[in-house]
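This report refers to the structure that appears directly beneath it.
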Amino acid sequence: MNPRIFSELRAIVGQRGLITSPEELRTYECDGLTNFRVVPSAVVLPESAEQVQKVVSLCHREHIAFVARGSGTGLSGGALPVESGIVISLARLNRILEVDIPNQRVMVEPGVINAFVTQEVAPSGYFYAPDPSSQSVCSIGGNVAENSGGAHCLKYGFTTTHVLGLEAVLPDGSLVHLGGKNLDAPGYDLCGVFVGSEGTLGVATKANLRIVKKPEVVQTLLAAFNTTNEAGAAVSGIIAAGILPAAIEMMDALAMEAAEAAVHAGYPKCGGLLLVELDGPAAEVAELMRQVREVCDSCGAWEFRLAQSEEERMVIWKGRKAAFAAVGRISPNYIVQDGVIPRTALPQVMSEIVRLSSEAGLRVANVFHAGDGNLHPLVLYDRRIEGQEKAAEKLAGDILTLCVTAGGSITGEHGVGEEKKAFMSVMFAEPDLDTMQLVRCAFDPDGISNPGKVFPRTRLCAEKQGVYEPHPLEVAGVAQYF
Amino acid sequence: MDAVLAEGQVRDASPTDAIDGALPLKLIEPADEQGLAKAVAWANENGITLAARGGGTKLSWGTPPRSVDAVISTKRLGRVLEHAWADMTATVEAGCTVSRLQEELVKRGQRLAIDPLFPERATFGGLVATNDSGTLRIRYGSIRDLIIGITVALPDGTLARSGGKVVKNVAGYDLQKLMTGALGTLGVITQATFRLHPLPRESQTFSFGCTDSAAANRLILAIMDSMLVPTGLQMRVRAGSGPAVDIRIDGIHAGIEAQSEQLQKLTTDTRRIEEEGDVWSERQQLWQGTDPSLIGKISVLPSQLASATAAVERLCSSPQLKWSVVAQSTGLATVRIEASEHGQLHFALNGIRAAIHALGGTVVVLTCPAEMKKQIDVWGPTGDAQQLMVRVKQQFDPRGILNRGRFVGGI
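Just so you know, the protein sequences line up as chains A and B, in that order. Residue numbering for the first sequence follows the numbering used here, beginning at 1 and increasing consecutively. Residue numbering for the second sequence follows the numbering used here, beginning at 1001 and increasing consecutively.
See the structure below:
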């Protein structure tokens, strides 16, 4: 990169806001998906929206690709740097700007850690609902980019439900406000479009979040089954009974083995473990929990454990949330997938995964957000054994295709990023992808904001102008507009 | 056009097809999604301007059209395509009415948790295009939060799909949100898929009379800050009578009983009132009355509902004006003002807008006399994102054939 660019960037963010040394740049060469690595030309750490705006304006002027980065915990390579591009780290935009308890709103900068929002409002009896497993380190900006979910979005919705407004720097350097603190701002719901756009439409610099009142009681039940199919039948039974739990999670034997090895959650040894959490008014939760146990009973559950204290509940969740990392204890390498299937397809998809796994000769551990059909199959392999990595990648891909064939999606919460862009064509037809590109062209006609991600190919934005064209009848003098 | 669609799908428009006084030449009623897409493409190639119509219940929302050669109706696209009850999703054609779907869902003890205006006639195409929401929003969000997939006919004839049939899905841009509330200016919606909720086993509504709007607003905030989990929470205020607050609690019997005890503790110094009829249809009742009248949608913060109501009261204090507000605890309020002549409505609107803008809120005029509508900006300011919105419109509808001039800033 031209040294002139470095000095301009330095002038904007200061000496301590610019990283250019090869050793330090290595820190930013990947995100949570470590098998893709690109060293960027520079990393900037702006401290204000104004600085972000100046950096992006410079990129626009000089046609430099940029990638925004939060905490770098993403699992699809969304924050993977671009060759010869720069990374804009939002880590220093980490202030909680406003807490408005009566209106249940919080305004934050993008570098604020997800869990800090809840910590801030917990004394007033509130929480921030989206809870990705990485919530103790992941940032709100990253959550906005990925439309992050988490175990509790079954009941409370995803990030998009909880982001009411954004301040964002568009790829041409202009600053816009999308949505707002109030509902239904007149105009297109561009806030809704921006959330989940994986950094391809610009850089969020502020977010207006909705917070939720903490429920009166929370109860967490573990139910042990012999198979994941039995546990899956219980999930369907619970939903069919008209019960909407705060979360329903499932783990298979292999995933539990890993979780046990890592955090000693004390899970019963079984083939399929269900974790059901109900929250709400005490009287209601008590009665519905009784019904949940009945359903589980009728589906073959042979052991129940109801968390008796907040500490016990936390241990149960710790095991679940640590499951990905814990797999590292039983396998040197693994690939996490994020496919979604209609809940009813679970038994069929599970047996298909077992078949594919035995064909490939690789183990697959399964952790699901079972309530909404979001699977997290973990394909275990050993990079040192020749051919295993390729086989694991193929198996992971086959599982994604399987999800789409079952009527689902290639990603429920991790995003498409770099990793799954080839699979977008499995899920969507060409005209669908072209239509999404129309949005891209409106926001980023030069294609400099996180280019090369999400979509299988880059489309050039044709200049299209909405010019008024007179109607033939008008020209003929037969009709007129009024 | 006759070459594009089979016989009987295009006819001359009648005066009842007019939109805000603009009379189209033709009414197009395609028999299926592909026919609709072809008709839209044909119109685009020939520079024919279109307005999409479902049940026609909210057709006058928006700026009067700058041009409408033809109305394209989804009347024949009225099917419920799928109710995947075990997965709790449903897919409908755009012309399906809200009631038609709900009747299907109730057979399995489910519902789409939204209560928009005129559900017997309102279609999903129109509901999504206007993002109309009712009293259930406090708990379930608006249709924007419930839509999980969409198919749209674009001006070039593309039938574009986004989202899918699973509730959790982040693959690709969220075009269903872009289309929600876009007033049919980016494409004609042909299908949509929604997530469903179980029907509540029981439901109970409590109403309270309050001394003034400030007291009503305090009660609403206290309920929001409590352990109660209402599925409806609104205040009703009208000229000449004290405000009322309604709260609806759904769930199982034991839960409702426990919550009603908590509610009693919160309302010890508030008078419980017995209302006749369904208080939750009060918003829809605002569409009945004498003309000239104006109906507006106010958006403020929940804590500002009393200030917003006070502004309406102050600016409509003339005895020639009658007003009524139904405000949801989400901060969305619907106001109806009746006057003896247009000028009074115009004057009141300007004053109310100034007061609401000072609170950081917005006022969108939904209906008012056609003459007045030509003189005002029904949407109000859209801020610094207007240029971006224009660019979005240009990408999707470069020739500007869809609902020309009806959306924000003349889009």
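Don't be surprised by glycine CBs; every beta carbon is placed ideally from N, CA and C.
CA-to-CA, the gap between Gly1095/B and Gly1054/B works out to about 6 Å. In its chain, beyond the 5 residues on either side, Gly173 have a beta carbon closer than 7 Å to the beta carbon of Ser57/A. Considering only beta carbons, the part of the stretch 1387 to 1398 of chain B lying closer than 9 Å to chain A consists of Gln1387, Leu1388, Met1389, Val1390, Arg1391, Val1392, Lys1393, Gln1394, Gln1395, Phe1396, Asp1397, Pro1398, in chain order. Taking 9 Å as the cut-off between beta carbons, the residues of the stretch 332 to 344 of chain A near chain B are Asp338, Val340, Ile341, Pro342, Arg343, Thr344, in sequence order. It is roughly 11 Å from the alpha-carbon of Ser1318/B to the alpha-carbon of Leu1345/B. With respect to chain A, the C-beta atom of Trp1323/B has no partner C-beta closer than 9 Å. Counting only the Cα atoms, Ile1298/B lies some 17 Å from Pro1243/B. A check of alpha carbon separations from Gln1288/B across Gly1255/B, His1253/B, Ala1258/B, Ser1324/B identifies Ser1324/B as the nearest. The Cβ atoms of Gly1134/B and Ile1114/B sit closer than 9 Å to each other. Annotation: Pro1369/B to Thr1074/B spans about 27 Å, alpha carbon to alpha carbon. When rounded, the separation of the alpha-carbon atoms in Thr1231/B and His1197/B is 13 Å. Using beta-carbon distances, Ile243/A counts as an interface residue toward chain B, with a partner under 9 Å. Burial state of Val276/A is buried, judged by a 10 Å Cβ sphere holding 16 or more other Cβ atoms. Using a Cβ-Cβ cut-off of 9 Å, Ser197/A counts as an interface residue toward chain B, since at least one Cβ of chain B sits closer than that to its own. Contact annotation for Gln219/A against chain B: no contact, minimum CB-CB distance about 14 Å [criterion: below 9 Å]. Think of a sphere of 8 Å around the beta carbon of Pro431/A: the chain B residues whose beta carbon falls inside it are Thr1158, Leu1159, Ala1160, in chain order. Annotated as distal: Pro186/A and Val1392/B, with beta-carbon spacing of 9 Å or more. Looking at the backbone, the Cα of Ser148/A and that of Ala1003/B are separated by about 48 Å. Each residue's CA atom was taken as its position, placing Ala1333/B and Ile239/A some 34 Å apart. It is roughly 5 Å from the alpha-carbon of Glu1120/B to the alpha-carbon of Ser1099/B. Residue contact check for Phe158/A against chain B: a CB pair falls below 9 Å.
As computed with DSSP, Asp1250/B is found in a beta bridge with Ser1203/B. Chain-order list of chain B residues neighbouring His177/A: Gly1383, Asp1384, Ala1385, by C-beta distance under 8 Å. Taking C-beta atoms as the reference points, Leu274/A and Ala345/A fail to come closer than 9 Å.
If you draw a 10 Å sphere on the C-beta of Ile211/A, you find 16 or more other C-beta atoms in it, and that means buried. Per DSSP, the beta bridge partners of Leu166/A are Leu178/A, Ala207/A.
Those residues of the stretch 1192 to 1212 of chain B placed with their C-beta closer than 8 Å to a C-beta in chain A are His1197, Pro1198, Leu1199, Arg1201, ordered along the chain. Separation of Ala1216/B and Ile1337/B (C-alpha to C-alpha, rounded to the nearest whole angstrom) is 21 Å.
Residue state for Ser1226/B is assigned as coil, using DSSP reduced to three classes. Counting only unbroken stretches of 4 or more residues, the alpha helix (DSSP H) elements lying wholly within the stretch 1309 to 1396 of chain B are 1342 to 1358, 1370 to 1375, 1386 to 1396, in sequence order.
In terms of Cβ geometry, Gly78/A and Ser139/A do not form a close pair [threshold 9 Å]. Residue burial annotation: Ile385/A is exposed, with fewer than 16 other C-beta atoms found within 10 angstroms of its C-beta. In this structure Asp432/A is buried. Its beta-carbon is surrounded by 16 or more other beta-carbon atoms within 10 angstroms. The beta-carbon separation of Gly157/A and Asn208/A, rounded to 16 Å, does not stay under the 8 Å limit for a contact. Around the beta carbon of Thr1211/B, fewer than 16 other beta carbons sit within 10 angstroms, so the residue counts as exposed. In this structure, Lys321/A lies near Ala151/A, with their beta-carbon atoms less than 9 Å apart.
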